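Chemist: 91 is the number that the working numbering gives to position 89 of the sequence shown; each next residue is one higher, with no gaps. Glycine included, every Cβ here is placed at the ideal spot set by N, Cα and C. Since this is a predicted model, take the numbers as computed values, not measurements. So that we are looking at the same thing, I have put the structure below in structure tokens.
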Amino acid sequence: MRGEGGSRGRGAPPPSAVLVLEDGRAFHGRAYGAVGETFGEAVFSTGMTGYQETLTDPSYHRQVVVMTAPHVGNTGVNDEDPESGRIWVSGYVVRDPARKPSNWRSQRSLDEELVAQGVVGISGVDTRALTRHLRERGAMRVGIFSGNAIADEGTLLAKVRQAPEMTGADLSAEVATKEAYVVPAIGTKRFTVAA
């Protein structure tokens, strides 16, 4: 489910957000990216870098990615590094998002990219505690709620438990290209291989 793209005004503090796991554990924070609600399977990434590649990797489709690195978004987003043509994650969880990207290749902030692609996220969460919980309890469904999507935790938990499970999902069909395409060779021909 995609969020309400540009629902936050510039300069306005992000609205409150809550992450609810299907076992009832909840983590409170602030909206990061689009405002709204999203569901998926909670997974974590321990990478210190490469968040843009993680977000655009089709293998993360229908998953909510928790970043264990405490500070995310330092280098912003550019148009050269994505793994595919869009963000595939269902949601994004960070501890401390960069307030302003600082990299000569940056074309926009990570927050701006998440909003533009309708990806609901949450910041200000103790991502290491969340990761430890997931390691101890195993994979489970999760929901992130912000803005008008916030309700009492019992209602949110019921929504998470009604979300589709990953088991049996035909994810490869959902992420595969709809039409075949050829990637043209770049450069001059230097070798011929005879088999």
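Cutting at 6 Å between CB atoms, please list the residues of its own chain near TYR1, excluding the five before and the five after it.
Modeler: Outside the displayed range of the chain (3 to 197) lies residue 1, so it cannot be described from this structure.
Chemist: If you check the beta carbons only, do VAL95 and VAL74 fall under 7 Å apart?
Modeler: Against the sequence shown, residue 95 aligns to sequence position 93. Against the sequence shown, residue 74 aligns to sequence position 72. In this structure, VAL95 lies away from VAL74, with their beta-carbon atoms at least 7 Å apart.
Chemist: Could you please give the first and the last residue of the uninterrupted beta strand (DSSP E) stretch that includes SER125?
Modeler: As a working note, residue 125 is residue 123 in the sequence shown. Where SER125 is concerned, the enclosing beta strand (DSSP E) stretches over 122-125.
Chemist: I'd like to check one pair, PRO103 with THR77: are the Cβ atoms closer than 7 Å?
Modeler: For the purposes of this step, residue 77 is taken as residue 75 along the sequence shown, with counting starting at 1. For the purposes of this step, residue 103 is taken as residue 101 along the sequence shown, with counting starting at 1. Yes, Cβ-Cβ distance for THR77 and PRO103 is below 7 Å.
Chemist: For a quick check, are the C-beta atoms of ALA14 and GLY31 less than 7 Å apart?
Modeler: Numbered from 1 along the sequence shown, position 12 holds the residue referred to as residue 14. Numbered from 1 along the sequence shown, position 29 holds the residue referred to as residue 31. It is not a contact, given that the beta carbons lie outside the stated cut-off.
Chemist: Could you check whether the Cβ of GLY123 sits closer than 7 Å to any Cβ belonging to chain D?
Modeler: Within the model displayed, chain D is absent; a lone protein chain is all it includes.
Chemist: Does the Cβ of GLU175 have 16 or more other Cβ atoms within 10 Å, making it buried, or fewer, making it exposed?
Modeler: Counting from 1 along the sequence shown, the entry for residue 175 is found at position 173. One detail in the question is off: residue 175 reads as Ala in this sequence, not Glu. The residue in question, ALA175, is exposed, as its Cβ has fewer than 16 Cβ neighbours within 10 Å.
Chemist: Here's a check: name, in chain order, each residue in its chain whose Cβ is nearer than 7 Å to the Cβ of ARG139, leaving out the five neighbours to either side.
Modeler: Here residue 139 refers to the residue found at position 137 of the sequence shown. So the qualifying residues of the chain are ASP25.
Chemist: Cα-Cα, which of THR56, LYS161, GLY87 and PRO16 is closest to THR179?
Modeler: For the purposes of this step, residue 179 is identified with residue 177 of the sequence shown, where counting begins at 1. When each option's Cα is compared against that of THR179, the closest is GLY87.
Chemist: Would you mind reading off the limits of the alpha helix (DSSP H) that contains GLY156?
Modeler: In the sequence shown, counting from the first residue as 1, residue 156 sits at position 154. Per DSSP, GLY156 belongs to the alpha helix (DSSP H) from 155-164.
Chemist: Find out if the Cβ-Cβ distance for the pair GLY93, VAL66 is shorter than 7 Å.
Modeler: For the purposes of this step, residue 93 is identified with residue 91 of the sequence shown, where counting begins at 1. For the purposes of this step, residue 66 is identified with residue 64 of the sequence shown, where counting begins at 1. The answer is yes: Cβ separation under 7 Å.
Chemist: May I have the straight-line CA-CA distance separating VAL79 from ALA197, to the nearest angstrom?
Modeler: By 1-based counting over the sequence shown, the position of residue 79 is 77. By 1-based counting over the sequence shown, the position of residue 197 is 195. Straight-line Cα distance between these residues: approximately 43 Å.
Chemist: To the nearest angstrom, how far is it from the Cα of ASP59 to the Cα of PHE193?
Modeler: The residue labelled residue 59 in the question sits at position 57 within the sequence shown. The residue labelled residue 193 in the question sits at position 191 within the sequence shown. The alpha-carbon atoms of ASP59 and PHE193 are separated by roughly 32 Å.
Chemist: By the DSSP assignment, the beta strand (DSSP E) with HIS30 in it spans what residues?
Modeler: Position 28 of the sequence shown, counting from 1, holds the residue named residue 30. Where HIS30 is concerned, the enclosing beta strand (DSSP E) stretches over 28-35.
Chemist: So what's GLY8 in DSSP terms, helix, strand or just coil?
Modeler: Locating residue 8 in the sequence shown gives position 6, where the first residue counts as 1. Any reading at GLY8 must be qualified, since the residue scores a pLDDT of 49, below 50, and its modelled position is unreliable; no value is offered.
Chemist: Does the Cβ of ILE188 have 16 or more other Cβ atoms within 10 Å, making it buried, or fewer, making it exposed?
Modeler: Along the sequence shown, read from residue 1 onward, the residue named residue 188 stands at position 186. Result: exposed.
Chemist: In the DSSP assignment, what are the bridge partners of VAL117?
Modeler: Within the sequence shown, numbered from 1, the residue matching residue 117 stands at position 115. According to DSSP, VAL117 bridges with nothing at all.
Chemist: Check the DSSP bridge columns for LEU173 and list the partner residues they point to.
Modeler: Indexing the sequence shown from 1 puts residue 173 at position 171. None, per the DSSP bridge assignment.
Chemist: Kindly indicate the opening and closing residues of the alpha helix (DSSP H) around ALA131.
Modeler: One-based indexing of the sequence shown puts residue 131 at position 129. It spans 129-139 - the alpha helix (DSSP H) in which ALA131 sits, taken as one unbroken run.
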